[in-house]
Each structure stands twice: as C-alpha cells, then as structure tokens.
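Engineer:
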Amino acid sequence: MQHSVSAYIGLGSNLSNPTQQVLTAIERLKQLKNCSLELVSSLYQTPPMGPQDQPDYTNAVARISTSLTPYELLTSLQAIENQHGRTRDSGRWGARTLDLDILLYDALVSQDPELTLPHPGIASRAFVLYPLIELNKDLNIPTLGPVQTLIDKLNDSAPTRLDSAKI
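Quick note: the sequence shown uses this note's numbering, first residue 92, plus one each step.
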C-alpha cells in the first residue's frame, strides 16, 4: 500500500435488521482495496434525527488506514451502501438501510459540497462523538478541537451502548 492516512467512518442503519446491517458493513470495510480496518467502536442505539416516526438507529465508528483519496473512499463507501439496498430518495434524515460517512480523513479540511471534512454534523452528534472517543480519547478534530470538549458541550445524553452485539 502506498502512503496511508487514518480515516474515521461513521456507520448507521435503522432498517432491515440495523445491527446486522452495520456488522455486515464492517465486514465489507475489511475487504476494501487499499484499506485496512484498524479499530471499530461498540455499537450504539440512538433515536432518529429529524422525523421521529421511524425506528431507532444502530451506529458505530470505524477507523481505517487507507491510501485511497477522499473521493475514491467516498465512492467505495457509496458502493457498500448500494450493496445494502440504500436508496437516496428518503430525504434528509430519512430511514435507511445503511449510511456510511467519512467523518475525518487524516487532518484534511475541505469545504467541497461533494465532500465536506470534517463531516459537518460531527460536533453535534452524540452517536458520532461517543464512538470516536472510545476509539481515541485524545482525538482532536481539525477546526473543532478535542472530542471530549465537544462531548462536554452536547445537550444530548450519551447514546445507549449495545453490549450484546458482537463485532
């Protein structure tokens, strides 16, 4: 593998057996070319953002090492979403079989509409911050600061850890 960087990937699902969707997506991350799965957080259960008339989500965060560019990684993640039956017509915050987001790609900061980094919602989402700090308690998010500081500013309570899920 060429020069590699660390990237953090958010995983979420609330349709078609969400826990299994996330676990299968983790297995698919292991198979990505030019990527190596390094760490995976516990699974967490969280209420949906936006419309509340949908099932709770199962969420996790994975850290990978990759030599893919951010856009190549995005394309690979979208292919995994498609393999899981992801449709993009449910609107913002709609129910989905699988959602994979690049949360961080090394220390890259990008305002590109196709791929904003760090992920634009990262600072306000307990279902992202708690798994991130589980993986790296000293993690600093570019332009935002330490994950612990962001958690301390949250109005949300901690997400529910799903101890029974095997990763």
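Ideal placement from N, C-alpha and C gives every residue a C-beta, glycine not left out.
Between S174 and the rest of its own chain, which residues show a CB-CB distance below 8 Å, the 5 nearest in sequence each way excluded?
Structural biologist: What sits at residue 174 in the sequence shown is Gln, not Ser. Closer than 8 Å at the Cβ level, and outside the excluded window around Q174, lie R119.
Engineer: Go through its chain and collect everything with a Cβ distance to M92's Cβ below 7 Å, but skip five positions before and after it.
Structural biologist: Unreliable positioning characterises M92 in this predicted model, as indicated by a pLDDT of 49, which lies under 50. A coordinate reading is not provided.
Engineer: Start and end of the alpha helix (DSSP H) containing E172?
Structural biologist: First-last of the alpha helix (DSSP H) with E172: P161 to Q174.
Engineer: Near S167, what residues of its chain come up, given a Cβ to Cβ distance below 7 Å and the 5 sequence neighbours on each side ignored?
Structural biologist: Cβ neighbours of S167 beyond the five flanking positions: L123 and L159.
Engineer: Compute the Euclidean distance between the alpha carbons of L226 and R154, then round it to the nearest angstrom.
Structural biologist: Approximately 8 Å between the Cα atoms of the pair.
Engineer: Give the straight-line distance between the Cα atoms of D192 and T234, rounded to the nearest whole angstrom.
Structural biologist: One C-alpha to the other measures close to 18 Å.
Engineer: Within the continuous alpha helix (DSSP H) that includes A116, where are the two ends?
Structural biologist: P109 to Q122 is the extent of the alpha helix (DSSP H) around A116.
Engineer: Please report the distance separating the alpha-carbon of D190 from that of Y196.
Structural biologist: Roughly 17 Å between the two C-alpha positions.
Engineer: By how many angstroms is the C-alpha of Y99 removed from the C-alpha of L130?
Structural biologist: Spanning the two alpha carbons is a distance of roughly 9 Å.
Engineer: For L253, I'd like the list of residues in its chain whose CB is within less than 6 Å of its CB, leaving aside the five on either flank, ordered along the chain.
Structural biologist: If we look at L253 and ignore the five residues flanking it on each side, its Cβ neighbours are L134 and Q136.
Engineer: Let me know the secondary structure DSSP gives V219 once reduced to three states.
Structural biologist: Of the three classes helix, strand and coil, the one that applies to V219 here is helix, per DSSP.
Engineer: Can you grab the Cα-Cα spacing for the pair S215 / T240, in whole Å?
Structural biologist: Distance between the alpha carbons of S215 and T240 is about 11 Å.
Engineer: With distances taken between CB atoms, is the gap from T188 to S107 smaller than 9 Å?
Structural biologist: Yes, these two residues count as a Cβ contact at 9 Å.
Engineer: Could you name the residues that DSSP lists as bridge partners for V96?
Structural biologist: In DSSP, V96 forms a bridge with T157.
Engineer: Tell me whether E172 is buried or exposed, calling it buried when 16 or more other Cβ atoms sit within 10 Å of its Cβ.
Structural biologist: Answer is buried; the Cβ neighbour count reaches 16.
Engineer: Take T115 as the anchor and find which of L194, N150, H94 and Q145 has the nearest alpha-carbon.
Structural biologist: Selected option, being the one with the closest Cα: N150.
Engineer: Checking the sheet assignment: what are the DSSP bridge partners for S127?
Structural biologist: In the DSSP output, where bridge partners are listed per residue, S127 has S156.
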